[in-house]
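Q: Okay, handing you the structure first.
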Amino acid sequence: MAKLPLTGDMGNLQTLRSLLGPASSVDPVFLAIDFERPQFIINRFQHGRLDTQVGLAILDTRNLSSTSKFTTFNFITGEDVYFDESAPLYRWGTAEKIPVTSILSKINGCLRIYQNRSIILVGHGASSDLAALKALGFDFQENLVIAKLDTYQLARDLQMGQLTLKNLLMELKCPCNLKFHNAGNDANFTPRALLLLGIKAIGTAESNETSEGVEILWWIAMEEVLSRKKKRCIRRKAAKTRTLEEQEEIRAKRRQHRELYG
C-alpha cells in the first residue's frame, strides 16, 4: 500500500501535493461523496425520515484517456414526491431511486471494480458525510481508503476563506451553472475543486514536468464544463506563448494519443 503523509486533518496540503505533484508514485482512485440530509442516516431514519440522497463521483487516475473521466452516481431514497423533485436536477445521468436498506450496497457496488486499489476519499465540509458513512457501516479499511481530503478545509489552508462548494468553484474560475445541494452534482464538482486546489498547492511551476502536470490537472477539472468555443480560445492563447518546437512536441503527443486510444 502506498505510503502517504497522512494525518487526522482532512485539509492536509502535504498529502494533496504528494498525490498530485509530478513526483507522485501513487495512482489512486479519487472517490468524492456527498450526502443530502445526512443527519437522517446518522439518526438511523428515526421518525420515518427517509428522504435522502447520496452522490458519488469517481476519478480513476489509471483511466484518464477515457472520454468522460468522472463517473458519477446519484441515489435517492424516500417518498416518490422527493424523488420527483430531486431527480430532474441531476445533470450527469439518470438518478436512481433505491430503498434506504440498499445505500451501503450501492456504494460498495460502485467500488467493486476498484478492489485492491488505493482510495482517496474526497468531500466538501465532509464531517457529516463521514459520519453518515460510518453509520451505514462502510468499511474504510476493507475499501483501502488511504487518505481523506476535505476541499473546504484545503481552501481555508490556502487562505481562501470559508467557502461553499459553489463559491469555491467560482473563486477557482470553474464554470458551475447548475443546481447545487443535489448529491450527484455536488459529488461531481468536488473532485474538480480538489484538482484546482491542487494546482494552487503545487504553486509556481519549477520545471517543464511540473508545468505539464499542472496543465493536465486543469484540463481534467474543466472537462465537460467548458464550452467548445472557450476551449478553442484557451488553446489558441496558449499556443501563442509556445515556441515552434514546443508546439510540434504537443502535436506529436496528440497523434500518439489518438493512435493508442482512438
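Following our numbering, the numbering of the sequence shown begins with 633 at its first residue and continues without gaps. All C-beta atoms in this analysis are idealised placements derived from N, C-alpha and C, irrespective of residue type, glycine included. Keep in mind that this is a model prediction, so the values were computed, not measured.
1) Mind checking Ala-853: buried by the 16 CB within 10 Å criterion, or exposed?
2) Taking Cβ to Cβ, would you say Phe-715 is nearer than 7 Å to Ile-730?
3) Between which two residues does the beta strand (DSSP E) holding Asp-782 run?
4) Measure the Cβ-Cβ separation of Thr-796 and Ala-664 and say whether it is below 7 Å.
5) Apply the 10 Å Cβ neighbour rule to Glu-881 and answer buried if 16 or more other Cβ atoms are within range, or exposed otherwise.
6) By DSSP, does Leu-691 sit in helix, in strand, or in coil?
7) Classify Glu-880 as helix, strand or coil using the three-state DSSP reduction.
8) So, are the CB atoms of Cys-742 and Phe-770 less than 7 Å apart?
9) In whole angstroms, what separates the C-alpha of Cys-806 from that of Ala-815?
10) What first and last residue would you give for the beta strand (DSSP E) that runs through Val-754?
11) Quick one: what's got a C-beta closer than 8 Å to Leu-849's C-beta in the same chain, skipping five residues either side?
12) Could you tell me which of Ser-700, Glu-844 and Glu-803 sits nearest to Ala-791, measuring between CA atoms?
13) What's the gap between the Cα of Gly-793 and the Cα of Lys-811?
14) Could you give the first and the last residue of the continuous beta strand (DSSP E) run that contains Ile-708?
15) Between which two residues does the beta strand (DSSP E) harbouring Val-661 extend?
16) Would you kindly work out how many angstroms separate the C-alpha atoms of Ser-839 and Asp-659, rounded to a whole number?
A: The answer reads as follows:
1) buried
2) no
3) 777-782
4) no
5) exposed
6) strand
7) helix
8) no
9) 18 Å
10) 751-755
11) Leu-652, Leu-827, Leu-828, Gly-830 and Ile-831
12) Contrary to the premise, residue 791 reads as Gln rather than Ala in this sequence. With distances taken between Cα atoms, Gln-791 lies closest to Glu-803.
13) 22 Å
14) 702-708
15) 661-668
16) Unreliable positioning characterises Ser-839 in this predicted model, as indicated by a pLDDT of 49, which lies under 50. The coordinate reading is nonetheless provided below. Whole-angstrom Cα-Cα distance: 21 Å.
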